[in-house]
Amino acid sequence: MRIAAIINARAGGVARSSPSAVAARLSDVWASLGHQAHTTLAEGKDVGRAIRKACRDPSVQAIIIGGGDGSLSRSLKHVVGSGKSLGVLPLGTMNYVARQFGVPFDLARAAAALADAVPTAIDLGRVNGRFFLIRACLGAFPEFIRSRDDARRNGGSILDGALAGLTSLARGHRVIEAELDGPDGQARITTSFLMVSNNMCRDSDPFLLERERMDGGTLGLYFGRGAGPISLVELGLQVAMGRWASNEALIQGSLPWLEIRTSQRKPLVSIDGEVEKMEAPFRFDILPGVLPMLVPK
Numbered sequence: 058m059r060i061a062a063i064i065n066a067r068a069g070g071v072a073r074s075s076p077s078a079v080a081a082r083l084s085d086v087w088a089s090l091g092h093q094a095h096t097t098l099a100e101g102k103d104v105g106r107a108i109r110k111a112c113r114d115p116s117v118q119a120i121i122i123g124g125g126d127g128s129l130s131r132s133l134k135h136v137v138g139s140g141k142s143l144g145v146l147p148l149g150t151m152n153y154v155a156r157q158f159g160v161p162f163d164l165a166r167a168a169a170a171l172a173d174a175v176p177t178a179i180d181l182g183r184v185n186g187r188f189f190l191i192r193a194c195l196g197a198f199p200e201f202i203r204s205r206d207d208a209r210r211n212g213g214s215i216l217d218g219a220l221a222g223l224t225s226l227a228r229g230h231r232v233i234e235a236e237l238d239g240p241d242g243q244a245r246i247t248t249s250f251l252m253v254s255n256n257m258c259r260d261s262d263p264f265l266l267e268r269e270r271m272d273g274g275t276l277g278l279y280f281g282r283g284a285g286p287i288s289l290v291e292l293g294l295q296v297a298m299g300r301w302a303s304n305e306a307l308i309q310g311s312l313p314w315l316e317i318r319t320s321q322r323k324p325l326v327s328i329d330g331e332v333e334k335m336e337a338p339f340r341f342d343i344l345p346g347v348l349p350m351l352v353p354k
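Residues in the sequence shown are numbered consecutively from 58, following the working numbering.
Structure representation (structure tokens):
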């Protein structure tokens, strides 16, 4: 297999090592298994440029992204429709996608597993034209993520980031007033947490988010029953324990499409862990089987 590996040199798992050593180790593993691989280290906008170049190369069969969930998510706009398979090396913080597909966290083992992986068609979610692999969130969660990431960028640990996120919520958080429009009708809600996932979530290990499957052709809708701080704490504690399907603080359901209109014109949205402001209303849909994902055997 001919592989183009693009490594985000700013990813946490790369920053803790030598970027050039990471690239050399990957090349050695793939060469020993008889695969042709070209590894590129890139930062910022150069990551996207490297991915676009690999997508245009007719000899490349698989594109492997080394980074976190955000790096992988941002690659989707280039990879979808290119005919290339997509793989991930877990070099980020949470690495939800790698966990979902059983990619080893040891770099050499991950490289070997992806080289022997089977391309498997999976679904993607989409919101206002932006693809996502995991979820999109409104309300308190994007505020938590933004404060957490600010602390991490300033040299804080994962724990420091979590404490910064919780502190920001304790000072106050955005309540979402929204109108939901889906196949079964309309509803008005007021909540501190709203999430749309790529397929339905199942109960998992603490602090993780796993989907029941990645080819079910459905979106998962989750929102908190209340909007106050007590409701948010209750919801957060259950989520921290990995409870999604059995979380009594959440109202949940599955649907193929959804439109969300909010009282805010341009609220904060967290998409696969990346926070941005996005113009409302939000049109969500599911794209069944559009991405060939490298899934270890």
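Virtual Cβ for every residue (Gly too), placed ideally from N, Cα, C.
Source: prediction; values computed, not measured.
- Within its own chain, the residues whose Cβ lies closer than 7 Å to the Cβ of I308, once the five positions on either side in sequence are excluded, are F280, R282, listed in chain order.
- Of the candidates R192, G293, V136, the residue whose Cα lies closest to the Cα of S249 is G293.
- By the Cβ-count criterion, K141 is buried, with 16 or more other Cβ atoms from all chains shown falling within 10 Å of its own Cβ.
- Assigned with DSSP and collapsed to three states, R113 falls in helix.
- Remark: fewer than three beta-carbon pairs, one from each stretch, lie closer than 8 Å, so the region 266-273 and the region 216-225 are not flagged as touching.
- Cβ contact annotation for T150 (same chain, cutoff 6 Å, sequence separation greater than five): G69, G125, in chain order.
- For the region 168-220, the continuous beta strand (DSSP E) assignments of 3+ residues that do not extend past its boundaries occur at 175-184, 187-189, 192-196, in sequence order.
- Cβ contact annotation for D103 (same chain, cutoff 8 Å, sequence separation greater than five): none.
- Between the alpha carbons of L266 and P147 lies a gap of roughly 15 Å.
- A straight-line Cα-Cα distance of about 22 Å links A80 and Y153.
- Looking at the DSSP output, N65 sits in a beta bridge with A99.
- Shortest Cα-Cα distance from F188 to any of F339, K323, V352 involves F339.
- A169 is a Cβ neighbour of L90, given a cutoff of 9 Å.
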